[in-house]
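Reviewing the structure listed below.
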Amino acid sequence: FPEGRKQRRRSSDTKPPLGDHIGTNDIPAVVKIMKKTGDEVVNFADIVLKINKRNKMQSRILLITGTILDLAVA
194 FPEGRKQRRR SSDTKPPLGD HIGTNDIPAV VKIMKKTGDE VVNFADIVLK
244 INKRNKMQSR ILLITGTILD LAVA
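Count along the sequence shown starting at 1, add 193, and that's the number in our numbering.
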């Protein structure tokens with residue numbers, strides 16, 4: 194690995210890295226969180242599954258910005 198980093202696949206060399214996998218600008222709950230914290234850039238966002246105390250899976254939005262890491266209800 195060059196410089197201690199993983200190599201990208203050749204087919205993805207022309208694609209820009211995309212941290213926002215779900216389009217957070219269209220989700221009102223995420224927009225509200227972003228306005229509240231004053232962040233403008235989403236470093237990473239995706240839908241994840243959380244297992245609650247009754248062993249049921251619940252979908253959540255994992256949101257990582259420069260200042261917060263948050264799980265919002267999807």
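Every residue gets a Cβ at the ideal spot worked out from N, C-alpha and C, and that includes glycine.
Note that the structure is a prediction, hence the values are computed from the model and not measured.
| Query | Result |
| --- | --- |
| Taking its Cβ as the centre, do 16 or more other Cβ atoms sit within 10 Å of Met227, making it buried, or is it exposed? | buried |
| Looking only at C-alpha atoms, which of Ile240, Asn248 and Ala267 sits nearest to His214? | Ile240 |
| Taking all protein chains shown into account, decide if Val266 is buried (16 or more other Cβ within 10 angstroms of its Cβ) or exposed. | exposed |
| From this set, Ile257, Arg202, Arg247 and Ala238, which residue's C-alpha is nearest Gly216's C-alpha? | Ala238 |
| Taking all protein chains shown into account, do 16 or more other C-beta atoms lie within 10 angstroms of the C-beta of Pro221, making it buried, or fewer, making it exposed? | exposed |
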